[in-house]
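Take the numbering used here: the last position of the sequence shown gets the number 208, and nothing is skipped along the way. Glycine included, every Cβ here is placed at the ideal spot set by N, Cα and C. All values reported here derive from a predicted model rather than from experimental measurement. Have a look at the structure below, then the notes.
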Amino acid sequence: MLAFVQEAGPVMIWLVVAGFVFCECAFIIGLFLPGDSLLLTAGLAMATTGHSSMSVWGLAVAAFLAAIAGNHVGYRIGVKMGDHVLAKKDGRYLNAHNLHRVKELMDRHGFFSVLIARWIPWVRTLCPLVAGAVGMDKRKFTLASVLGSLIWAPFLLLVGYYASSALKDYKFVLDWALRGMIVMLVVGTIIGIVGYRREMSKQNVTVDLED
């Protein structure tokens, strides 16, 4: 397993991390993806396989940009939907209750709700959609998105890397920790994809966010 990570090289890791982060912030499938775990695992993988700090900082920038781009796409999707957003009847995450909870969060905290959303997995995906649907000022949303992306994706990735680097004398522990996190990440992704397929198979309902 570790040999596979080592052979994958930094480019493959960059593509996987950036792709996950972008999808989690842009599309509904992001509701079911383990984004936080991925970032921590990527940082641990980079440290365990001997990548330089410059390479890790480059990955942090890539994750940062992917998060901003994902939020922008999610916002544009929300703009096209308008006040009436499609949800799923009896959906686990994409339901009327959760959409209204995000709307209430935005009504209460405005600009700061986009920052808060970064640290709540399912809210992280729905926030850009709702922001676009209710017509949140684009400049305000973009600024909040940039700041939120900066304190989320690079932070978790660098924590994983530097925390692991501090324990470099305990390589045996790090190797097993990486194995465990990769297994959890793969299992979590598979469960997420299955959950997404089930969610999408449910009946569509229209949610009026202005109610």
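Three or more C-beta pairs below 8 angstroms linking the stretch 172 to 185 and the stretch 99 to 106 = They do not touch, by the three-pair rule.
Count the other C-beta atoms from every protein chain shown that fall within 10 angstroms of the C-beta of alanine 42, then say buried if there are 16 or more, exposed otherwise.
-> The residue is buried, with at least 16 neighbouring Cβ atoms inside 10 Å.
First and last residue of the alpha helix (DSSP H) that includes glutamate 205?
-> This sequence places aspartate at residue 205; glutamate is not what is there. That residue, aspartate 205, is in no alpha helix (DSSP H); its beta strand (DSSP E) goes 201 to 205.
When the cut-off is 8 angstroms and only beta carbons count, does tryptophan 119 lie next to chain D?
-> Judged by its chain identifiers, the structure shown contains no chain D, having just a single protein chain.
List the endpoints of the continuous alpha helix (DSSP H) containing leucine 83.
-> Unbroken run through leucine 83 is the beta strand (DSSP E), 81 to 85; no alpha helix (DSSP H).
Looking only at C-alpha atoms, which of Glu21, His48 and Val13 sits nearest to alanine 114?
-> Closest by C-alpha distance to alanine 114, out of Glu21, His48 and Val13, is Glu21.
Report the residue from Tyr193, Thr203, Tyr158 and Lys168 whose alpha carbon sits nearest the alpha carbon of alanine 44.
-> Answer by Cα proximity: Tyr158.
Where methionine -2 falls, given that 16 or more other Cβ within 10 Å makes a residue buried = Low confidence applies to methionine -2: its pLDDT is 48, below 50, so where it sits in the model is not reliable enough to give any reading.
Comparing alpha-carbon positions, which option in Arg73, Gly27 and Gly88 lies nearest valine 202?
-> Check the Cα spacing between valine 202 and each of Arg73, Gly27 and Gly88: the tightest is with Gly88.
Which residue's Cα is closest to the Cα of lysine 137: Tyr72, Ser49, Gly27 and Val18?
-> If we check each option's Cα against that of lysine 137, Tyr72 comes out closest.
Length of the line joining the Cα atoms of threonine 147 and phenylalanine 29 | Going by the sequence as given, residue 147 is leucine instead of threonine. Cα to Cα, the separation comes out at about 22 angstroms.
Would you kindly work out how many angstroms separate the C-alpha atoms of valine 143 and arginine 194, rounded to a whole number?
-> Distance between the alpha carbons of valine 143 and arginine 194 is about 31 angstroms.
Top-ranked residue by Cα proximity to valine 131, from Glu207, Trp149 and Gly67 | For valine 131, the nearest C-alpha among the options comes from Glu207.
Spatial neighbours of leucine 37 within its chain, please: CB distance less than 8 angstroms, with the 5 preceding and 5 following residues excluded, ordered by chain position.
-> Excluding the 5 residues flanking it on each side, leucine 37 has same chain C-beta neighbours closer than 8 angstroms at Leu153, Leu154, Val156, Gly157 and Met178, in chain order.
Indicate the three-state DSSP secondary structure (helix, strand or coil) for leucine 91 in the structure shown.
-> Note: leucine 91 maps to coil in three-state DSSP.
Given that a residue counts as buried once 16 or more other Cβ atoms are within 10 Å of its Cβ, and exposed if not, what is valine 120?
-> Label assigned to valine 120: buried.
Own chain, CB closer than 6 angstroms to alanine 63, minus 5 neighbours either side, in chain order | Cβ neighbours of alanine 63 beyond the five flanking positions: Ala15, Val18 and Phe19.
Whose CA, out of Lys77, Ile117 and Pro151, lies closest to the CA of alanine 128?
-> Lys77 is the residue among Lys77, Ile117 and Pro151 whose C-alpha sits nearest the C-alpha of alanine 128.
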